[in-house]
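Encoded as structure tokens, the structure appears first; notes follow it.
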Amino acid sequence: DDLLVANRMMLDALPVPAVDGSFGDDNVVHGRVAISSSARVSGSVLHGPVAVDDNAVIEDSFIGPFTSIGADAILRGAEIDNTMVLAGAEINHPGHRIEASIIGERASVVRSFALPRGLHLRLEPNSRVTLS
Numbered sequence: 006d007d008l009l010v011a012n013r014m015m016l017d018a019l020p021v022p023a024v025d026g027s028f029g030d031d032n033v034v035h036g037r038v039a040i041s042s043s044a045r046v047s048g049s050v051l052h053g054p055v056a057v058d059d060n061a062v063i064e065d066s067f068i069g070p071f072t073s074i075g076a077d078a079i080l081r082g083a084e085i086d087n088t089m090v091l092a093g094a095e096i097n098h099p100g101h102r103i104e105a106s107i108i109g110e111r112a113s114v115v116r117s118f119a120l121p122r123g124l125h126l127r128l129e130p131n132s133r134v135t136l137s
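All letters in the sequence shown, in the order written, are residues 6 to 137 by our numbering.
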């Protein structure tokens, strides 16, 4: 996807790490990671290059290389890499690693433990979902 290629190029040009947000001792950072001063990260591993925008919240997550987290996004219990999470999106304990994906503005990826289990999808025209 062209957007993921552009994201990769932008992140590849990140300068030295810039961790400015609320960043506790319970986090691990590898490589170039840029975190906004208003972002909050706890209990997570960030393996750069990674960019985290304003007011994003990341808890108990693994953020792999070439991942951008947009403003006001919330990630809890997530494993992602090579992914763009746009502004206001939420990823909450998805149960699977998310990779090479674009999560749109204010989109939600959440795991429900209700029975019966199944996928609940709302796809726009020309959307694509790959399950593995």
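Here a beta-carbon is modelled for each residue, glycine too, at the ideal position from N, C-alpha and C. Quick caveat: nothing in here was measured; it's all calculated off a predicted structure.
{"Item": "Assign residue 127 to one of three DSSP states: helix, strand, or coil.", "Value": "coil"}
{"Item": "Taking the alpha helix (DSSP H) that residue 10 belongs to, which residues open and close that run?", "Value": "7-17"}
{"Item": "Do residue 55 and residue 78 have their beta-carbon atoms positioned less than 9 Å apart in this structure?", "Value": "no"}
{"Item": "List the residues that DSSP assigns as beta-bridge partners of residue 72.", "Value": "55"}
{"Item": "Between residue 107 and the rest of its own chain, which residues show a CB-CB distance below 8 Å, the 5 nearest in sequence each way excluded?", "Value": "6, 8, 9, 88, 89 and 91"}
{"Item": "Could you spell out where the beta strand (DSSP E) holding residue 66 opens and where it closes?", "Value": "Where residue 66 is concerned, there is no enclosing beta strand (DSSP E), given that its DSSP letter is neither H nor E."}
{"Item": "Taking the alpha-carbon of residue 73 as reference, which of 28, 15, 136 and 135 has the nearest alpha-carbon?", "Value": "15"}
{"Item": "Quick check: residue 60 and residue 41, are their CB atoms within less than 9 Å of each other?", "Value": "yes"}
{"Item": "Can you tell me the Cα-Cα spacing of residue 76 and residue 13, whole angstroms?", "Value": "18 Å"}
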